[in-house]
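Heads up: the sequence shown runs through residues 1 to 288, numbered per full-length UniProt numbering.
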Amino acid sequence: MKKSTTKKNEVNKYFRLFSQILFFTIILITAIIHSLAEKGMEVKVPFFSNASLHSLCPFGGVVSVYKLITEGTFVQKIHESSFVLLAIVIVLSILFGSVFCGFVCPFGSVQEWIGKLGKIIFKKRFNKFIPSKYDKYFRYFRYVVLLWVVYITAKTGTLVFANIDPYHALFTFWTGEVAIQALIFLIVVIILSFIIERPFCKYFCPLGAFVGLFNLIRIFKIKRNPSYCISCKKCNSVCPMNIDVHSKEVINDPQCVTCLQCSSEISCPVENTIVFETRRGIKNENKY
1 MKKSTTKKNE VNKYFRLFSQ ILFFTIILIT AIIHSLAEKG MEVKVPFFSN
51 ASLHSLCPFG GVVSVYKLIT EGTFVQKIHE SSFVLLAIVI VLSILFGSVF
101 CGFVCPFGSV QEWIGKLGKI IFKKRFNKFI PSKYDKYFRY FRYVVLLWVV
151 YITAKTGTLV FANIDPYHAL FTFWTGEVAI QALIFLIVVI ILSFIIERPF
201 CKYFCPLGAF VGLFNLIRIF KIKRNPSYCI SCKKCNSVCP MNIDVHSKEV
251 INDPQCVTCL QCSSEISCPV ENTIVFETRR GIKNENKY
């Protein structure tokens, strides 16, 4: 029984890694093809187009809503595809919460991969450098960023966040067309990723702030069964967003990226203690 459970956990763990690598590769190849096309070099790769990164980012749909409603046009650099992707992300978020952040977002994945090196270097101190009494307030800053970006974009009709966007800078830094402030911000995020897991996701990401709100209403919920819990707090230690999973019965924190690392399918040592399901509640029957 233990062998089959362990094998299942490994499958679940590597499925997420496969998803992250897949979407990272798609964005990287698309960015390279687009940059070559901008230089007049036509490169054809099956299943890939020369679309810009802006057209592949659902956040473009968020910041363009006001202009689309009031003027019937898009913000500069934004295309119809951004709204299609935004609709897909919203549907996924209503069903599963911020699964886009945990399984799809390439920039979130890069921060996470860098963080693995940080864990080796700093061991137990990793992701605990900022005292929780300050950290809990810093996390509201991404909502300030979201409101600021939406307001300024609606007012000016330009994609203001593009000038400081570290995600865009990561996949276009070799083109020489990236704003210097975006490159500086990218370097800062990379450095912070060695000591803080997913720093951009925690404190700055406007799309994460928007998507995270759906955790409050999502249909498929992450739930913890207190009667099965052995209080090992492994769920807390593996959570990249420092959520106190052990103290909750329903994990609906807007910071949750739905990575499922805390679940009994991956890290929790007791079967059926932390699960991803749609029922209204988990029966509190004793495991014995």
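Just so it is clear, CB atoms sit at the ideal spot from N, CA and C, and this is done for glycine as well.
Determine whether the Cβ of residue 43 lies closer than 9 Å to any Cβ atom of chain D.
No chain D is present in this structure, which holds just one protein chain.
Along the alpha helix (DSSP H) that carries residue 222, what are the first and last residues, could you check?
From DSSP, residue 222 is part of no alpha helix (DSSP H) but of the beta strand (DSSP E) over 221 to 224.
Using only the alpha-carbon positions, how far apart do residue 35 and residue 208 sit?
About 27 Å.
Evaluate residue 254 with the Cβ neighbour count: other Cβ atoms within 10 Å of its Cβ, from every protein chain shown; 16 or more gives buried, anything less gives exposed.
Residue 254 comes out buried.
Once DSSP output is grouped into helix, strand and coil, what is the label at residue 277?
Strand at residue 277.
What did DSSP end up calling residue 257 once you bin it into helix, strand or coil?
In the structure shown, the three-state DSSP call for residue 257 is coil.
Spatial neighbours of residue 160 in its chain, beta-carbon cut-off 8 Å, leaving aside the 5 residues before and after:
For residue 160, where only same-chain residues beyond five positions count, the Cβ hits under 8 Å are 149, 152 and 153.
Exposure label - residue 203; buried when at least 16 CB within 10 Å
Residue 203 is buried by the Cβ-count criterion.
Indicate, with yes or no, if the ligand MN has a heavy atom lying under 8 Å from the CB of residue 105.
No copy of the ligand MN occurs in the structure displayed, which carries no ligand at all.
CB contact flag (residue 82, residue 106, <9 Å)
Going by beta carbons, residue 82 and residue 106 fall outside the 9 Å limit.
Going by the beta-carbon positions, is the gap between residue 111 and residue 198 smaller than 9 Å?
Result yes, Cβ atoms of residue 111 and residue 198 sit closer than 9 Å.
Spatial distance of residue 142 from residue 210 (CA atoms)
Near 9 Å, if we compare the C-alpha coordinates of residue 210 and residue 142.
Taking DSSP as the reference, what is the three-state secondary structure of residue 89?
Helix at residue 89.
From residue 27 to residue 230, what does the alpha carbon distance come to, in whole angstroms?
Spanning the two alpha carbons is a distance of roughly 42 Å.
Thinking C-beta only, is residue 163 closer than 9 Å to residue 228?
No. Outside cutoff.
As assigned by DSSP and simplified to three states, the class of residue 250:
Shown here, residue 250 sits in a strand according to DSSP, grouped into three states.
How big is the Cα-Cα spacing for residue 225 and residue 132?
Residue 225 and residue 132 have their C-alpha atoms spaced approximately 25 Å apart.
Between which two residues does the alpha helix (DSSP H) containing residue 203 stretch?
Segment 199 to 203, the alpha helix (DSSP H) holding residue 203.
Thinking C-alpha only, which one of 123, 277, 53 and 127 is nearest residue 196?
Per the C-alpha coordinates, the member of 123, 277, 53 and 127 positioned closest to residue 196 is 127.
Output yes or no for whether 9 Å exceeds the beta carbon distance between residue 88 and residue 214.
For residue 88 and residue 214, no; Cβs fall outside 9 Å.
Residue 99: which of 251, 136 and 259 sits nearest, CA to CA?
Nearest C-alpha to residue 99: 259.
Along the chain, where does the alpha helix (DSSP H) containing residue 40 start, and where does it finish?
Neither: residue 40 is in no alpha helix (DSSP H) and is coded neither H nor E.
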